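For the protein sequence lines, the chains are A and B, in the order given. With the numbering used here applied, the first sequence covers 1 to 389. With the numbering used here applied, the second sequence covers 390 to 491. Even glycine gets a Cβ: it sits at the ideal position worked out from N, Cα and C. As the structure is a computational prediction, the values presented were derived from the model and not from experiment.
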Amino acid sequence: MLTRRELLAGSLTALLLPAERAQSGGEALLALPGKRPLIKRTYRPPNYETPLADLRRAYTANDAFFVRYHLANIPTLDPRQWRLRVGGTSAARALELSLADLRHHYEQVTIAAVNQCAGNRRGLFTPRVPGVQWTHGAMGNALWTGVRLRDLLRAAGIDGSALEVVFDGADTALLPATPDFIKSLPIDRALDENTLIAFEMNGQPLPHWNGAPARLVVPGWAATYWVKHLTDIRIEPKAFDGFWMKTAYRIPTGAFPGVRFLSQETAETTPVTEIQVNSLITSHEQGAHLTLNRPAVLSGWAWDCGTGISAVEISTDAGQSWSPATLERELGRFAWRGFRWPIDTQTRGPVNILARSVSRSGARQPDKLTPNPSGYHHNLVQSVSLEIA
Amino acid sequence: MKRMDRALPAVSILVLACSAPFAAVAGEEAITLTDAPGRDVTVASCSICHSLDYLPMNAPVMTRATWEKSIHKMVDRFGAPLNAENLQIILDYLALHYSAIP
Numbered sequence: 001m002l003t004r005r006e007l008l009a010g011s012l013t014a015l016l017l018p019a020e021r022a023q024s025g026g027e028a029l030l031a032l033p034g035k036r037p038l039i040k041r042t043y044r045p046p047n048y049e050t051p052l053a054d055l056r057r058a059y060t061a062n063d064a065f066f067v068r069y070h071l072a073n074i075p076t077l078d079p080r081q082w083r084l085r086v087g088g089t090s091a092a093r094a095l096e097l098s099l100a101d102l103r104h105h106y107e108q109v110t111i112a113a114v115n116q117c118a119g120n121r122r123g124l125f126t127p128r129v130p131g132v133q134w135t136h137g138a139m140g141n142a143l144w145t146g147v148r149l150r151d152l153l154r155a156a157g158i159d160g161s162a163l164e165v166v167f168d169g170a171d172t173a174l175l176p177a178t179p180d181f182i183k184s185l186p187i188d189r190a191l192d193e194n195t196l197i198a199f200e201m202n203g204q205p206l207p208h209w210n211g212a213p214a215r216l217v218v219p220g221w222a223a224t225y226w227v228k229h230l231t232d233i234r235i236e237p238k239a240f241d242g243f244w245m246k247t248a249y250r251i252p253t254g255a256f257p258g259v260r261f262l263s264q265e266t267a268e269t270t271p272v273t274e275i276q277v278n279s280l281i282t283s284h285e286q287g288a289h290l291t292l293n294r295p296a297v298l299s300g301w302a303w304d305c306g307t308g309i310s311a312v313e314i315s316t317d318a319g320q321s322w323s324p325a326t327l328e329r330e331l332g333r334f335a336w337r338g339f340r341w342p343i344d345t346q347t348r349g350p351v352n353i354l355a356r357s358v359s360r361s362g363a364r365q366p367d368k369l370t371p372n373p374s375g376y377h378h379n380l381v382q383s384v385s386l387e388i389a
Numbered sequence: 390m391k392r393m394d395r396a397l398p399a400v401s402i403l404v405l406a407c408s409a410p411f412a413a414v415a416g417e418e419a420i421t422l423t424d425a426p427g428r429d430v431t432v433a434s435c436s437i438c439h440s441l442d443y444l445p446m447n448a449p450v451m452t453r454a455t456w457e458k459s460i461h462k463m464v465d466r467f468g469a470p471l472n473a474e475n476l477q478i479i480l481d482y483l484a485l486h487y488s489a490i491p
């Protein structure tokens, strides 16, 4: 019988999960209730990263999807008792909606979209920055089913003063003085037809650790806005001034491309908004060995904020020349798009493969990182070293 | 949810029925920090709000100066109940044992 202590120490993880342990670089793989073993970054609040091996499917499995919380008091909500309140200073009326109300009184829609933490790959920044040391797996792609946020906002009545819509979930801090996790969106993004209140993920009820019974889905925007365990939506005439908007999740103003969140912007800093163009090789781990003359295919995913991916380029000569990979069919403009490229295995020795994606807006992954104090928006061209023998 | 909203009926039912206790989660009790002066105060203070794996996770990135900033953030922004004496004990401990450059 294994004790948790032994499991934590990592000494026996290999016996339990030999393949996955190898693929995650030997980091501790631990399973939250209802999840398969993931890369544990922190226990409390729970922060768990999806191993590369679980990022190979077009839609990331619900039980493999990454888990990210700021606050440690995470109630398990009874979906029958759960209510979503919609109102606020700029709303004509207050609504209180059950899950059945959402399902039966509003049009249901499904959208494929990447859900990516703004700090995904923070652990790969040079120089390193403090925070949860994510590598590649604070992201996934899923089918999100729910109702349009704008339908709920219109039902509540939006008056001309509306500037932002504010979202609060049921998770709270352990100390009264700790700022609750509350986020806001500009009114135009809240009214975008793609912004949803989702209660299903890949055709199943949302997993507890991914926001059950309902969460915000903001396709193209960083996951910090995708508030989980949603309970309150307020239409407001003022910029929301909570810690998680005014202080956290901010980048130097003008440093990155992407839509600006003007009501929250200052001369120095601005909120993280849209996902940057990016890609991930999933077919091979760093340092993988290939057999001489045996056909091998490099593959992975490319995504951006929703303009869509127009090309993925591969280089095997340190970026001097690039050749196009084959793109798979689109799953939707907010989803990731598959790419593949045949690896030349006829020459013995090391090969270093670079992959970079290009969006329909013309944005291309950079070969230099834009430094920022909290390590957001890591989208450096990825490099994988393989050994052919 | 906002604390002021807890008086509302729908929410109070949820909170009463469903809130997890404020306690360590399975597994985290096995984390042991370096045995040295200051450890007990560090464990007692930091683990009020979060598991202790945050400390070794960030250690390779940290210096005394960044730990000082981080601890002040915990007090000023997150409301950690630390007096000046314990703040200094924790800072000395983390700077010495959980920093890339002590």
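Counting only runs of 3 or more residues that sit fully inside the stretch 35-85 of chain A, the beta strand (DSSP E) segments are 38-42 and 47-49, in chain order. Close partners of residue 72(A) in chain B (Cβ separation under 7 Å): 438 and 439. In terms of Cβ geometry, residue 167(A) and residue 233(A) form a close pair [threshold 7 Å]. Of the candidates 139(A), 152(A), 247(A) and 176(A), the residue whose Cα lies closest to the Cα of residue 279(A) is 139(A).
Each of 224(A), 357(A), 160(A) and 121(A) was checked against the Cα of residue 274(A), and the nearest Cα belongs to 224(A). Just so you know, the alpha carbons of residue 59(A) and residue 480(B) end up roughly 44 Å apart. Comparing C-alpha distances from residue 68(A) to each of 53(A), 109(A), 132(A) and 82(A) shows the shortest one belongs to 132(A). Taking 8 Å as the upper bound on Cβ-Cβ separation, chain A lies near no residue of the stretch 421-432 of chain B. The beta-carbon separation of residue 134(A) and residue 44(A), rounded to 17 Å, does not stay under the 8 Å limit for a contact. If you look at residue 260(A), you'll find it isn't in any alpha helix (DSSP H); DSSP assigns it neither H nor E. The C-alpha of residue 291(A) lies about 5 Å from the C-alpha of residue 389(A). Sixteen is the threshold: when 16 or more other Cβ atoms of the shown chains lie within 10 Å of the Cβ of residue 35(A), as they do, the residue is buried.
Using a Cβ-Cβ cut-off of 7 Å, residue 447(B) counts as an interface residue toward chain A, since at least one Cβ of chain A sits closer than that to its own. In the DSSP assignment, residue 315(A) is bridged to 354(A).
According to DSSP, residue pairing for residue 87(A) in a beta bridge involves 234(A). Here the C-alpha atom of residue 295(A) lies approximately 8 Å from the C-alpha atom of residue 344(A).
Taking 3 residues as the shortest admissible run, the stretch 90-170 of chain A contains the following complete beta strand (DSSP E) segments, listed from N- to C-terminal end: 95-97, 108-116, 139-148 and 164-169. Put simply, the CB of residue 487(B) is far from chain A, with every gap to its CB atoms at 7 Å or more. DSSP lists 38(A) as the beta-bridge partner residues of residue 30(A).
Per the Cβ contact rule, the stretch 137-152 of chain A is in contact with the stretch 194-210 of chain A (3 or more Cβ pairs under 8 Å). Taking residue 287(A) as the centre and dropping the five residues before and after it, the same chain places the C-beta of 385, 386 and 387 closer than 8 Å to its C-beta, in chain order. Using beta-carbon distances, residue 417(B) counts as an interface residue toward chain A, with a partner under 7 Å. Remark: C-beta atoms of residue 377(A) and residue 264(A) do not approach each other more closely than 7 Å. Contact of residue 442(B) with chain A is assigned, a C-beta pair being separated by under 7 Å. Residue-level contact check: residue 450(B) touches chain A, since one or more beta carbons of chain A fall below 7 Å from its beta carbon. Here residue 173(A) has 71 as same chain residues with Cβ atoms under 6 Å from its own Cβ, once five neighbours each way along the sequence are excluded.
Pairing residue 251(A) with residue 115(A) gives a Cβ-Cβ distance that is not under 7 Å. Within the DSSP bridge table, the entry for residue 430(B) names no partner. The stretch 49-66 of chain A makes no contact with the stretch 184-195 of chain A: fewer than 3 CB pairs, one atom from each, lie closer than 8 Å. Along the stretch 44-57 of chain A, going in chain order, the ones with a CB nearer than 8 Å to a CB of chain B are 44, 45 and 46. The C-beta of residue 436(B) has 16 or more other C-beta atoms within 10 Å across all chains shown, which makes the residue buried. Taking a Cβ-Cβ cut-off of 9 Å, the neighbours of residue 413(B) in chain A comprise 43 and 44, given in sequence order. At a cut-off of 7 Å, the C-beta of residue 133(A) has a neighbouring C-beta in chain B.
Just measuring C-alpha positions, the residue of 211(A), 157(A) and 238(A) sitting nearest residue 46(A) is 211(A). Exposed is the label assigned to residue 204(A), since fewer than 16 other Cβ atoms lie within 10 Å of its Cβ. In this structure, residue 213(A) keeps its C-beta atom at 7 Å or more from the C-beta atom of residue 33(A).
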